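> Quick one: the structure is below, questions incoming.
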Amino acid sequence: MSSSTSPAIGFLCAVLSAFFNGSFTVPFKAASSRHHGGNTERARRSEGPANDEEVHPIVFTLYVSAGVFLSSMIFIAPFLPTVSINVPSLLAGFLFVLSVSASFLAVDLIGMALSQGIWSGSASVVSYIWGTLIFGDYPSHPYWSILGLTLLVIGIVGIAFCADIARSRFIDRRMLSSSMGELEPLGADASLSIELLGKNNTVPIVDGSAAPTAASYANGVFWACAVGLFGGSTLAPTHYLPSDKQGLAVLPSFGTGCIILAPVVLFVNNVWTRQAPPFNARNVMMPGLFSGLLWNISNLLALLAIPEIGYGVAYPLLQSAVLVSGVWGISVFREMTDRRTIAVFWVAGGILLLGAAMLAASR
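In this note's numbering, the protein residues as written are 69 to 431.
In structure tokens, the structure reads:
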């Protein structure tokens with residue numbers, strides 16, 4: 069294989085990985101929408117204790133981890149010369165569980181499109197730091213690299229506050245009042261966008277009982293950033309494995325780490341909240357297993373891409389998943405309906421992808 073072909077295959081694997089990465093939360097969002105009319109956070113606030121139909125993010129993470137474990141053992145392990153368990157791959161599995169737990173918490177609070185936008189950008193920065201500053205995979209064009217990171221940060225901010233940017237730039241308060249009737253003046257605490265949580269989460273300002281709070285929005289952004297931290301570091305421990313234990317050989321041990329830590333996370337959640345969420349296996353287990361399969365396909369493709377184009381380039385490119393999740397979140401789940409908000413979202417997403425492309429070119 070020529071030297072020019074290998075990077076091309078690496079970039080192709082990275083793009084395909086981004087597609088599956090941007091799609092793996094779809095089963096969770098679909099299950100949540102089916103059982104709670106698209107507004108899991110509002111349902112959880114109004115219903116109080118967990119009910120038998122609830123799609124709880126941490127329980128869903130357990131099923132996703134099982135999906136990663138089973139797909140690794142069924143589809144990968146039989147074709148490997150040897151299967152061994154090692155600490156770096158187990159640690160990578162632990163980081164995945166933390167990342168996916170935070171991702172479903174974020175999606176539950178602020179929606180799929182917004183969550184993926186935040187964690188994609190932050191994971192790009194984290195993975196770039198691993199690849200360059202820690203692994204020593206320095207770019208050939210450092211100035212392009214710095215500019216690319218700057219654009220990534222701008223893209224993150226733009227996606228995180230797309231609705232607020234659209235409102236402040238394009239929407240006049242009097243136009244909003246005339247389109248919704250005679251309303252009370254909006255106070256400082258009501259500055260959150262009415263679009264953030266989607267069609268079924270649009271804030272009924274006259275009857276403010278279902279309005280998303282500033283705390284829920286801040287928590288959602290926090291968990292999305294946590295996804296970027298853990299997700300951008302997920303495969304970093306495997307860098308220290310010998311070459312014969314890297315690549316696809318990582319997956320069985322990785323899956324084992326997932327299935328070990330996921331029950332621990334569920335137990336800690338139960339102790340912390342003093343509630344035991346229902347397993348709801350009949351309605352949630354199959355979507356969770358399918359979600360785990362989708363993510364593991366993305367993981368497999370990432371493992372194929374990294375040796376060809378490097379961790380510091382491959383992982384930022386994988387975060388173009390923001391466009392995939394944006395299409396799902398906006399077009400299918402109607403998480404954003406205001407055209408100006410959607411326009412700002414895509415402009416910010418384009419800036420983020422431009423930053424990722426400059427990172428790739430900097431190599």
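Beta carbons: idealized from backbone N, C-alpha and C, even for Gly. Everything numeric in this text was worked out from a predicted model, so none of it was measured.
Which stretch, first to last residue, makes up the alpha helix (DSSP H) that contains Ile328?
Within the sequence shown, the letter at position 260 stands for residue 328. Its alpha helix (DSSP H) spans residues 318-341.
> For Ser311, does the three-state DSSP call read helix, strand or coil?
Position 243 of the sequence shown, counted from the first residue, corresponds to residue 311. Three-state DSSP puts Ser311 in a helix.
> Which residue wins for smallest C-alpha separation from Leu329, given the options Ser213, Gly78, Ile126, Cys81?
Along the sequence shown, one-based indexing puts residue 329 at 261. For Leu329, the nearest C-alpha among the options comes from Ile126.
> Under three-state DSSP, which class holds Thr200?
As a working mapping, residue 200 is identified with position 132 in the sequence shown. Here Thr200 sits in helix by DSSP.
> Going by the beta-carbon positions, is the gap between Ser85 and Ser321 smaller than 8 Å?
For this step, residue 85 is matched to residue 17 along the sequence shown. For this step, residue 321 is matched to residue 253 along the sequence shown. The answer is no: Cβ separation not under 8 Å.
> Apart from the five residues on each side of it in sequence, which residues of its chain come closer than 6 Å, Cβ to Cβ, to Leu177?
Position 109 of the sequence shown, counted from the first residue, corresponds to residue 177. Glu109, Ser284, Asn287, Gly288, listed in sequence order.
> Looking only at its own chain, which residues have a Cβ that is under 8 Å from the Cβ of Tyr308, when we skip the five neighbours before and after it?
Here the question's residue 308 lines up with position 240 in the sequence shown. Within the same chain, Tyr308 has close Cβ partners Pro156.
> Give the secondary structure of Gly378 by DSSP, where H, G and I count as helix, E and B as strand, and everything else as coil.
Stepping through the sequence shown from its first residue, residue 378 is reached at position 310. It is coil, neither helix nor strand.
> Residues in the same chain with beta-carbon distance under 8 Å from Lys97, minus the five sequence neighbours each way, listed in chain order, please.
Here residue 97 is taken as the residue at index 29 of the sequence shown, counted from 1. Val175, Met180, Trp396, Gly397, Phe401.
> Sort Leu173, Ala160, Gly223, Ser195 by Cα distance to Thr324 and report the nearest one.
Reading the sequence shown from its first residue, position 256 is the one you call residue 324. Nearest of Leu173, Ala160, Gly223, Ser195 to Thr324, Cα basis: Ala160.
> Kindly give me the distance between the Cβ atoms of Thr93 and Ser171, rounded to whole angstroms, as I take these residues to be in contact under 8 Å.
As a first step, residue 93 is located in the sequence shown; it is residue number 25 there, counting from the start. As a first step, residue 171 is located in the sequence shown; it is residue number 103 there, counting from the start. Indeed, because the Cβ distance is near 6 Å, the residues count as touching under 8 Å.
> When you compare only the Cα positions, how much space is there between Gln314 and Ala373?
Residue mapping note: residue 314 aligns to position 246 of the sequence shown, counting from 1. Residue mapping note: residue 373 aligns to position 305 of the sequence shown, counting from 1. For Gln314 and Ala373, the distance between alpha carbons rounds to 12 Å.
> Within 10 angstroms of the Cβ of Phe335, are there 16 or more other Cβ atoms? Answer buried if so, exposed if not.
Counted from its first residue, the sequence shown places residue 335 at position 267. Exposed: under 16 other Cβ atoms inside 10 Å.
> Cβ atoms of Ile186 and Ala416: under 8 Å apart, would you say?
As a first step, residue 416 is located in the sequence shown; it is residue number 348 there, counting from the start. As a first step, residue 186 is located in the sequence shown; it is residue number 118 there, counting from the start. No, these two residues do not count as a Cβ contact at 8 Å.
> Decide if Pro146 is buried, meaning its Cβ has at least 16 other Cβ atoms within 10 Å, or exposed.
The residue labelled residue 146 in the question sits at position 78 within the sequence shown. Classification of Pro146: exposed, given that the 10 Å Cβ count is below 16.
> Less than 8 Å between the C-beta atoms of Ser190 and Val390, yes or no?
If you number the sequence shown from 1, residue 190 lands on position 122. If you number the sequence shown from 1, residue 390 lands on position 322. For Ser190 and Val390, no; Cβs fall outside 8 Å.
> Would you check if there are 3 or more beta carbon pairs closer than 8 Å linking the segment 135-151 to the segment 295-308?
Verdict: no, contact absent.
> By the 10 Å Cβ neighbour count, where 16 or more other Cβ atoms means buried, how is Pro207 classified, buried or exposed?
Counting from one through the sequence shown, the residue named residue 207 turns up at place 139. Label assigned to Pro207: buried.
> Could you tell me which uninterrupted alpha helix (DSSP H) segments, each at least 4 residues in length, are contained entirely in the segment 112-176, listed from first to last along the chain?
Listed in chain order, they are 125-143.
> Give me the Cα-Cα distance between Phe413 and Glu403, rounded to the nearest whole angstrom.
Residue mapping note: residue 413 aligns to position 345 of the sequence shown, counting from 1. Residue mapping note: residue 403 aligns to position 335 of the sequence shown, counting from 1. C-alpha separation (whole angstroms): 12 Å.
> Could you give the DSSP three-state label for Asp232: helix, strand or coil?
The residue labelled residue 232 in the question sits at position 164 within the sequence shown. If DSSP states are grouped into helix, strand and coil, Asp232 belongs with the helices.
> Are the CB atoms of Val333 and Val165 nearer to each other than 8 Å?
Locating residue 333 in the sequence shown gives position 265, counting from the first residue. Locating residue 165 in the sequence shown gives position 97, counting from the first residue. Their beta carbons are under 8 Å apart, which means Val333 touches Val165 by this criterion.
> Tell me where the alpha helix (DSSP H) around Ala282 begins and ends.
On the sequence shown, residue 282 is found 214 positions in, with the first residue counted as 1. Here the alpha helix (DSSP H) through Ala282 covers 282-301.
> So, for Gly418: in the same chain, excluding its five sequence neighbours on each side, which residues have a beta-carbon less than 7 Å away from its beta-carbon?
The residue labelled residue 418 in the question sits at position 350 within the sequence shown. Correct list: empty, nothing qualifies.
> Can you tell me whether DSSP reads Met61 as helix, strand or coil?
Nothing about residue 61 can be read from this structure; the chain reaches only from 69 to 431.
> What are the boundary residues of the alpha helix (DSSP H) that Ser208 is part of?
Walking along the sequence shown from the start, residue 208 turns up at place 140. No alpha helix (DSSP H) contains Ser208, which DSSP labels as neither H nor E.
> Going by CA-CA distance only, name the one from Pro75, Asn89, Tyr131 that's closest to Pro331.
What you label residue 331 is simply residue 263 of the sequence shown in a count that begins at 1. That would be Tyr131, whose Cα lies nearest to the Cα of Pro331.
> Does the distance from the C-beta atom of Ala424 to that of Leu385 stay below 8 Å?
If you number the sequence shown from 1, residue 424 lands on position 356. If you number the sequence shown from 1, residue 385 lands on position 317. The answer is yes: Cβ separation under 8 Å.
> With a threshold of 16 other CB atoms inside 10 Å of the CB of Asn338, please say whether the residue is buried or exposed.
To locate residue 338, count along the sequence shown from 1; it is residue 270. Exposed, since its Cβ has fewer than 16 Cβ neighbours within 10 Å.
> I'd like to check one pair, Gly135 with Gly360: are the Cβ atoms closer than 8 Å?
Taking the first residue of the sequence shown as position 1, residue 360 is located at position 292. Taking the first residue of the sequence shown as position 1, residue 135 is located at position 67. Contact: yes.
> As a quick exercise: from Ala76, Leu420, Ser183, pick the residue whose alpha carbon is nearest that of Ala292.
On the sequence shown, residue 292 is found 224 positions in, with the first residue counted as 1. The option with the nearest alpha carbon to Ala292 is Ser183.
> Since Glu376 and Pro95 are thought to touch, with beta carbons under 8 Å apart, how far apart are those beta carbons, to the nearest angstrom?
Against the sequence shown, residue 376 aligns to sequence position 308. Against the sequence shown, residue 95 aligns to sequence position 27. With 8 Å as the limit, Glu376 and Pro95 do not qualify as a contact, their Cβ atoms being about 30 Å apart.
> Comparing alpha-carbon positions, which option in Tyr211, Phe137, Phe128, Asn154 lies nearest Ser169?
Reading the sequence shown from its first residue, position 101 is the one you call residue 169. Checked all of Tyr211, Phe137, Phe128, Asn154; the closest Cα to Ser169 is Phe128.
> In the structure shown, what three-state DSSP assignment does Gln184 receive?
By one-based count along the sequence shown, residue 184 stands at place 116. Looking at Gln184 - three-state DSSP - the assignment turns out to be helix.
> Would you tell me roughly how many angstroms separate the C-alpha atoms of Gly394 and Gly78, rounded to the nearest one?
Indexing the sequence shown from 1 puts residue 394 at position 326. Indexing the sequence shown from 1 puts residue 78 at position 10. The alpha-carbon atoms of Gly394 and Gly78 are separated by roughly 24 Å.
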